[in-house]
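Residue numbers (this note's numbering): 61 to 237.
Each remark here refers to the structure printed beneath this line.
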């Protein structure tokens with residue numbers, strides 16, 4: 061009986077470790093785009109994520125994140141309202157941007173590449189996102205950056221003054237639950 065109890069406790073402990081989810085303690089989604097040839101930047105201030113990332117088990121790791129586009133902030137209220145309008149993000153119909161992992165691969169050291177499906181305005185496109193992951197005890201830090209073409213998602217129209225290319229940077233700190 062003692063062996064069976066020990067086996068059950070050990071199995072539950074290992075199952076808990078294998079399915080441990082990380083709780084987001086800090087996140088920052090920033091973006092940069094050229095407007096009239098000048099770099100213009102902003103943030104999307106609200107994000108929720110379900111992160112189950114284990115460098116030793118990349119094939120079973122998953123990351124799924126949702127950003128609330130209503131929280132866009134470029135330090136210009138007029139521009140922010142314009143970005144929220146149906147001409148750009150159309151937050152009344154499409155309030156969220158989602159990112160869902162498809163796969164991960166280890167490059168070297170703390171460097172990884174994740175393939176993610178990004179959905180914006182009901183359009184989904186796959187991206188390879190290089191990122192670093194640094195683990196410190198029960199805490200982890202992710203930092204990655206990628207470029208997208210805003211027109212691929214129907215965000216705005218072709219413009220002579222506004223670039224199509226947007227650089228998105230994501231930083232997330234986690235703690236194991």
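All C-beta atoms in this analysis are idealised placements derived from N, C-alpha and C, irrespective of residue type, glycine included.
Bear in mind the structure is a predicted one, so any value in this text is a computation, not a measurement.
Alpha carbon to alpha carbon, how far is residue 65 from residue 226? Walking along the chain shown from the start, residue 65 turns up at place 5. Walking along the chain shown from the start, residue 226 turns up at place 166. Here the model assigns residue 65 a pLDDT of 40, short of 50, so the residue's position is not dependable, and the following value carries that caveat. Rounded to the nearest angstrom, the two C-alpha atoms are 56 Å apart.
Under the rule that 16 or more other beta-carbon atoms within 10 Å means buried, what is residue 221, buried or exposed? The sequence position of residue 221 within the chain shown is 161, counting from 1. Exposed, by the Cβ-count rule.
Could you work out which residue in 193, 168, 209 and 202 is closest to residue 184 when comparing CA atoms only? One-based indexing of the chain shown puts residue 184 at position 124. The shortest Cα separation from residue 184 among 193, 168, 209 and 202 belongs to 209.
Test item: CB-CB of residue 148 and residue 228 under 8 Å: Within the chain shown, numbered from 1, the residue matching residue 148 stands at position 88. Within the chain shown, numbered from 1, the residue matching residue 228 stands at position 168. Result no, Cβ atoms of residue 148 and residue 228 do not sit closer than 8 Å.
Closest to residue 117 by CA distance: which of 206, 165 and 190 is it? As a first step, residue 117 is located in the chain shown; it is residue number 57 there, counting from the start. Of the listed residues, the one whose Cα sits closest to residue 117 is 165.
Between the C-alpha atoms of residue 113 and residue 121, what's the straight-line distance to the nearest angstrom? Here residue 113 refers to the residue found at position 53 when the chain shown is read from its first residue. Here residue 121 refers to the residue found at position 61 when the chain shown is read from its first residue. Roughly 5 Å separates the two Cα atoms.
Go to residue 140, then tell me how far its alpha helix (DSSP H) extends in each direction, as first and last residue. Here residue 140 is taken as the residue at index 80 of the chain shown, counted from 1. Its alpha helix (DSSP H) spans residues 137-144.
Identify the continuous beta strand (DSSP E) that holds residue 190 and give its terminal residues. Counting from one through the chain shown, the residue named residue 190 turns up at place 130. Counting along the chain, the beta strand (DSSP E) containing residue 190 begins and ends at 183-196.
Measure the C-alpha to C-alpha separation of residue 91 and residue 232 and round it to an integer number of angstroms. Within the chain shown, the letter at position 31 stands for residue 91. Within the chain shown, the letter at position 172 stands for residue 232. Cα to Cα, the separation comes out at about 15 Å.
Taking the beta strand (DSSP E) that residue 91 belongs to, which residues open and close that run? By one-based count along the chain shown, residue 91 stands at place 31. Start and end: 82-95.
Helix, strand or coil for residue 170? Go by DSSP, reduced to three states. By one-based count along the chain shown, residue 170 stands at place 110. In this structure, residue 170 counts as coil in the three-state DSSP scheme.
Please report the distance separating the alpha-carbon of residue 168 from that of residue 127. Along the chain shown, one-based indexing puts residue 168 at 108. Along the chain shown, one-based indexing puts residue 127 at 67. About 29 Å.
Return the CA-CA distance between residue 72 and residue 211, expressed in angstroms with no decimal places. Within the chain shown, the letter at position 12 stands for residue 72. Within the chain shown, the letter at position 151 stands for residue 211. Model confidence at residue 72 stands at a pLDDT of 39, short of 50, so the residue's coordinates are unreliable and nothing is read from them.
Cβ-based burial, residue 96 [other Cβ within 10 Å; buried from 16]: For the purposes of this step, residue 96 is taken as residue 36 along the chain shown, with counting starting at 1. Residue 96 should be labelled exposed.
Less than 8 Å between the C-beta atoms of residue 161 and residue 104, yes or no? The count along the chain shown starts at 1 and reaches residue 161 at position 101. The count along the chain shown starts at 1 and reaches residue 104 at position 44. No. Outside cutoff.
Between which two residues does the beta strand (DSSP E) carrying residue 124 extend? The residue you call residue 124 lines up with position 64 of the chain shown. Where residue 124 is concerned, the enclosing beta strand (DSSP E) stretches over 122-133.
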